[in-house]
Structure formats: C-alpha cells, structure tokens
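Undergrad: Dropping a structure here in structure tokens format, bear with me for questions.
2 protein chains.
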Amino acid sequence: MSSDSVPARRTGGRSALVIAAVRDAVEDLIAESGADKVTVPAVAARAGVSPSSIYRRWGDVGSLVAEVATLRLDPDRPLPDTGNIGDDLREWARELYGHLARPTKASLLRASAVLADDGETNCLASRRDEAERLVERAHARGQVTPSVRQIMDHLVAPIIYRITFEPDTGDTGFPETLVAELDRITEAG
Amino acid sequence: MSSDSVPARRTGGRSALVIAAVRDAVEDLIAESGADKVTVPAVAARAGVSPSSIYRRWGDVGSLVAEVATLRLDPDRPLPDTGNIGDDLREWARELYGHLARPTKASLLRASAVLADDGETNCLASRRDEAERLVERAHARGQVTPSVRQIMDHLVAPIIYRITFEPDTGDTGFPETLVAELDRITEAG
DNA sequence: CCCTTAAAGCAAACTACTGTGCGTTAAAGT
DNA sequence: ACTTTAACGCACAGTAGTTTGCTTTAAGGG
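So the protein lines, in turn, are chains A and B.
Just so you know, the first sequence maps onto residues 1 to 189 in my numbering.
Just so you know, the second sequence maps onto residues 1001 to 1189 in my numbering.
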C-alpha cells in the first residue's frame, strides 16, 4: 500500500445498480407526488435499497434531488447545425420544449427552482452555453443573430415559464411562434 | 339557538394576531433558509405560537406556504394608467420586477413553483388578468397593442425566469429593455 | 355584563425521519 | 484465485414532525 493513495472508488456492479435504482426512484416519486413529498425512506423503499446507503452516499434529500435534476435536465444532446441560425434556433427550441414538457421533467424543473435558493442553479446553465455556441457559429458564418441574452429572455424564459407555472397549456407549436417573434426583434436591430 | 346556523368565525383579536404572526414567520423562514427547510414546529417557534394551532388551522406546511405565497405575491396594486400602452407596460413591468426581485419574494416564488405541481397555481394568475385589463383599455382607446400572450411570453416570463432561476443578475433596468423589444414584435405586426 | 363556544395552548402519545455500529457482500487490484 | 476494503444491508438508537384529548382563553352575540 502506498502511503498517500486515494481510496479506490467502486463504480461498477452493485454500487452502479444502487445508484441507478435510487435515481430512477427519485424521478418517479417526484413525478408522482411532487418534490416536497420525496423522503429518503420513500426513495429507499421504491429503489429496493437501504435508507442508510442513501444517507451515506448523498447525505440528504436535497443533494440527491439536486443531483438527479442536474443529470436529467441537462442531457447533452448534439446541437442542431443547419447552417442557418433561424432554423437552428427553431429546432433547438422545439427540442428543449419537447424534452422538458414531459410531466416528469417538469416536476424536476420545479423542484430545482427551490434548490436555486442556495447559490448554484447550473441545471439550466448549459442551455446558455448551447445558445452561445449557436450564436458564435452563426457569427463565424457572417450571419446576424439575436444576442444570447435575447435568446434567453425571449425563447428560453417563455418555455421554462410555461412549463413551470402554467402546465397544461398544451400548445406544442409555440416554440416556432417564439422564434418568429425573436426574429422580429433582431431584424433591423 | 337556530337549528341550522353556521358556526360563528372568529376573525379578530387573538386569532388575528396568531394568523399574522404565523404568516410573517413563514415569510421570514423561507427567505432565510429556503422553502424546503420550513417546518411547522419551526414556524410555530418563530411565531411564538403552538404547533397544534397551525396544524388545526392549516393542516400541513404545504397549505400554509401556498396561502402565504398567494397573499404575498399577489397584492393588488393600482394599475398604471398613462393613456399609452407602452408607458403602462413599462411602469407595470418595472413594478412587477421591483416587487418580486426582493429576496424574500423571490424565495416565495420559487416555493410556489413546487406547489404548482398539483393543479392550481393562481399565484401569478392575476398578472394575466392585469395584462388583459391594460390591453383592453388600450384597445378602447383605439391603440395597437401586443397580445396578452405576447406580454406573458416576452415580458412576464423573462422577469419571472430571471428571478426564479438566475438571481443576482442585478440588472434593474432590464424591464425597459423587454418592453422595447416587445414593441418591436408588435409594430408592423 | 354575561353566556356560549371557537380557537388557542399544553402535554403526551404516536409516527416518521435521520444517524451510527457492526457484520456481510462483492468490486478492484494483484 | 486471493486479498483488501469500499460500499451495502440490518438493526437499533436518537431526533424531529404530527396527531389528539383536554384545559384555558377570549371573541362574538344577546
């Protein structure tokens, strides 16, 4: 044994199964009864795992929910690359909405709002990064684009707002409308 | 005693004091430690009230927080009435932002996001009503206006989104920017 | 001012969540 | 394979949240 070695982490086999089962259980329970009803014992029972395993690995419900929210709301998908910023944004917005409008994701999103109370949000931070990349790519092509702030304010914000505070506004086509309106802001800017 | 009389409610004196103290305590605690840390015993202690009084009147923390959120996020203020929809919206947006950006209100807002999981949100419903009234008044004057949907998507949503998910974006002047951009969407529509 | 009783307080029982010691299982490294 | 030990499960102890019966207080009505 070397004197200052870091303890070997166990990432496979049983541990991996436990982690996966717990994360799934959190997602299910949040979707079923809301984030405020999620407790460690409930998650443990659903996952078929011992509560103490959860406490030792995650500490408390908050950290656990935060982790699941970050993982599940932030899948890094390939960015659309049509060669046209308008089409890129349209597809990007449609995908964002389609992804987060599912009830399970929506509940996770609402849960992460509460977690934003203390410092780090980051569960939507990568959206801004994506917008930045889309804009930079368009600029490299010499295209005129909305600013990243405008994309966040007039595209991301309305989508997130509706999902969070006005569910069952089942207007699947509205990302397109938003992109069109964003375009109006940009042109002749 | 009449046979089918409704029991007399007690609205003044001690009961009123208890109700006020409890509501204040909820607001304080949410601002201090986040909605997930608010418990009935904690509220009771802060309010100088017995926990059982809270349980009997409100049932559980969820209902209590929901009530406080509705009351505190929905003060019905007088609507601006300048004779011009642009100026009305500018003032309305500025006031909305100024009101909700305070840390205490922001925490309440985030808390109410979780409560939106089960059915009724309504804590922002009256904002839509206000927007409707502003628009109707402008139409009566023969003015061209953005639609209520556009006001919600491009004015209310960005404001709420920033407060909820991106606090410390201390740009007090941005409601004005939003109104200007909304105007661009509307003109030549 | 007095009577009625809604609503508060108190205290104890009860339930649920959290934390820890200890034996067991199995992942990672040789 | 074998060894080491991280991570799991179990069981029990500790703490925190909830519920309920009873007593006390005082609001509302005559």
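Yeah, the Cβ is synthetic: ideal placement off N, Cα and C, and Gly gets one too.
Just to confirm my understanding: we take B:Leu-1029, look at its own chain, exclude 5 residues before and 5 after, and list those with CB closer than 8 angstroms. What are they?
TA: Locating residue 1029 of chain B in the second sequence gives position 29, counting from the first residue. If we look at B:Leu-1029 and ignore the five residues flanking it on each side, its Cβ neighbours are Lys-1037, Val-1038, Ala-1042, Val-1043 and Arg-1046.
Undergrad: Between A:Leu-124 and chain B, is any beta-carbon pair separated by less than 8 angstroms?
TA: Indexing the first sequence from 1 puts residue 124 of chain A at position 124. True, the Cβ-Cβ gap to chain B drops below 8 angstroms.
Undergrad: List the whole-angstrom C-beta distance separating B:Leu-1155 from B:Leu-1134, where the pair is believed to meet the contact cut-off of C-beta under 8 angstroms.
TA: On the second sequence, residue 1155 of chain B is found 155 positions in, with the first residue counted as 1. On the second sequence, residue 1134 of chain B is found 134 positions in, with the first residue counted as 1. At roughly 11 angstroms, the Cβ-Cβ gap does not stay under 8 angstroms, so B:Leu-1155 and B:Leu-1134 are not in contact.
Undergrad: Comparing C-alpha positions only, which one of B:Glu-1166, B:Ser-1147, B:Ser-1063 and B:Tyr-1055 sits nearest to B:Pro-1103?
TA: Taking the second sequence and counting its residues from 1, one reaches residue 1103 of chain B at position 103. B:Pro-1103 has its Cα closest to that of B:Glu-1166, out of B:Glu-1166, B:Ser-1147, B:Ser-1063 and B:Tyr-1055.
Undergrad: Please compile the residues from chain A whose C-beta is within a distance smaller than 9 angstroms of the C-beta of B:Leu-1178.
TA: Reading the second sequence from its first residue, position 178 is the one you call residue 1178 of chain B. The answer, in chain order, is Asp-153 and His-154.
Undergrad: Would you report the Cα separation of B:Ile-1159 and A:Asp-87, rounded to the nearest angstrom?
TA: As a first step, residue 1159 of chain B must be located in the second sequence, where it is residue number 159. As a first step, residue 87 of chain A must be located in the first sequence, where it is residue number 87. The alpha-carbon atoms of B:Ile-1159 and A:Asp-87 are separated by roughly 26 angstroms.
Undergrad: Is there a Cβ from chain A that is less than 8 angstroms from the Cβ of B:Arg-1072?
TA: Counted from its first residue, the second sequence places residue 1072 of chain B at position 72. Judged by the 8 angstroms Cβ criterion, B:Arg-1072 is not in contact with chain A.
Undergrad: Looking at A:Thr-164: is its Cβ nearer than 8 angstroms to the Cβ of A:Arg-110?
TA: Translated into the one-based positions of the first sequence, residue 164 of chain A becomes position 164. Translated into the one-based positions of the first sequence, residue 110 of chain A becomes position 110. Taking 8 angstroms as the Cβ cut-off, A:Thr-164 and A:Arg-110 qualify as a contacting pair.
Undergrad: Give a yes or no on whether the minimum CB-CB distance between A:Gly-142 and chain B is below 8 angstroms.
TA: Locating residue 142 of chain A in the first sequence gives position 142, counting from the first residue. No, A:Gly-142 does not count as interfacial toward chain B.
Undergrad: When you compare each of B:Ala-1093, B:Gly-1012 and B:Glu-1027 to B:Val-1061 by their alpha carbons, which one comes out closest?
TA: As a working mapping, residue 1061 of chain B is identified with position 61 in the second sequence. For the residues B:Ala-1093, B:Gly-1012 and B:Glu-1027, the minimum Cα distance to B:Val-1061 belongs to B:Glu-1027.
Undergrad: Taking the C-alpha atoms as reference points, what is the distance between A:Ala-93 and A:Thr-186?
TA: Here the question's residue 93 of chain A lines up with position 93 in the first sequence. Here the question's residue 186 of chain A lines up with position 186 in the first sequence. Answer to the nearest angstrom: the Cα atoms are 17 angstroms apart.
Undergrad: What number of angstroms, rounded off, separates the C-alpha of A:Asn-84 from the C-alpha of B:Arg-1090?
TA: Reading the first sequence from its first residue, position 84 is the one you call residue 84 of chain A. Reading the second sequence from its first residue, position 90 is the one you call residue 1090 of chain B. Taking the straight line joining both Cα atoms gives about 33 angstroms.
Undergrad: Beta carbon of A:Ser-112, beta carbon of A:Leu-73: below 8 angstroms?
TA: Start at 1 with the first residue of the first sequence, and residue 112 of chain A comes out as number 112. Start at 1 with the first residue of the first sequence, and residue 73 of chain A comes out as number 73. Contact flag set, yes.
Undergrad: Expressed to the nearest angstrom, what Euclidean distance is found between the alpha-carbon atoms of A:Asp-183 and A:Pro-146?
TA: As a working mapping, residue 183 of chain A is identified with position 183 in the first sequence. As a working mapping, residue 146 of chain A is identified with position 146 in the first sequence. Answer to the nearest angstrom: the Cα atoms are 7 angstroms apart.
Undergrad: So if I threshold CB-CB distances at 7 angstroms, which residues from the region 1052–1066 of chain B count as touching chain A?
TA: Cβ contacts with chain A: Gly-1062.
Undergrad: What does B:Gly-1034 touch in chain A if you count any residue whose Cβ is under 7 angstroms from its own?
TA: Residue mapping note: residue 1034 of chain B aligns to position 34 of the second sequence, counting from 1. Those are Val-114, Asp-117 and Asp-118, listed as they occur along chain A.
Undergrad: Measure the alpha-carbon distance for A:Arg-23 versus B:Gly-1034 and round it to whole angstroms.
TA: Taking the first sequence and counting its residues from 1, one reaches residue 23 of chain A at position 23. Taking the second sequence and counting its residues from 1, one reaches residue 1034 of chain B at position 34. Approximately 23 angstroms, taken between the alpha carbons.
Undergrad: Contact criterion: CB-CB distance below 8 angstroms. Does A:Tyr-197 meet it with respect to chain B?
TA: Absent from the structure is residue 197 of chain A, since the part of chain A shown begins at 1 and ends at 189.
Undergrad: Buried or exposed for B:Glu-1181, please, with buried defined as at least 16 other CB atoms from any protein chain shown within 10 angstroms of its CB.
TA: Taking the first residue of the second sequence as position 1, residue 1181 of chain B is located at position 181. Classification for B:Glu-1181: buried.
Undergrad: Pull up the distance between the alpha-carbon of B:Ala-1101 and that of B:Asp-1168, whole angstroms please.
TA: Working through the second sequence from its first residue, we reach residue 1101 of chain B at position 101. Working through the second sequence from its first residue, we reach residue 1168 of chain B at position 168. The straight-line gap from Cα to Cα measures roughly 9 angstroms.
Undergrad: Buried or exposed: which applies to B:Leu-1017, given that a residue is buried once 16 or more other Cβ atoms fall within 10 Å of its Cβ?
TA: For the purposes of this step, residue 1017 of chain B is taken as residue 17 along the second sequence, with counting starting at 1. Looking at its Cβ environment, which holds fewer than 16 other Cβ atoms inside 10 Å, B:Leu-1017 is exposed.
Undergrad: Answer yes or no: do B:Met-1152 and B:Ala-1125 have a C-beta to C-beta separation smaller than 8 angstroms?
TA: For the purposes of this step, residue 1152 of chain B is taken as the residue at position 152 of the second sequence. For the purposes of this step, residue 1125 of chain B is taken as the residue at position 125 of the second sequence. Contact: no.
Undergrad: Taking B:Arg-1133 as part of the alpha helix (DSSP H), name the residues at either end of that continuous run.
TA: Within the second sequence, the letter at position 133 stands for residue 1133 of chain B. That run of the alpha helix (DSSP H) goes 1125–1140.
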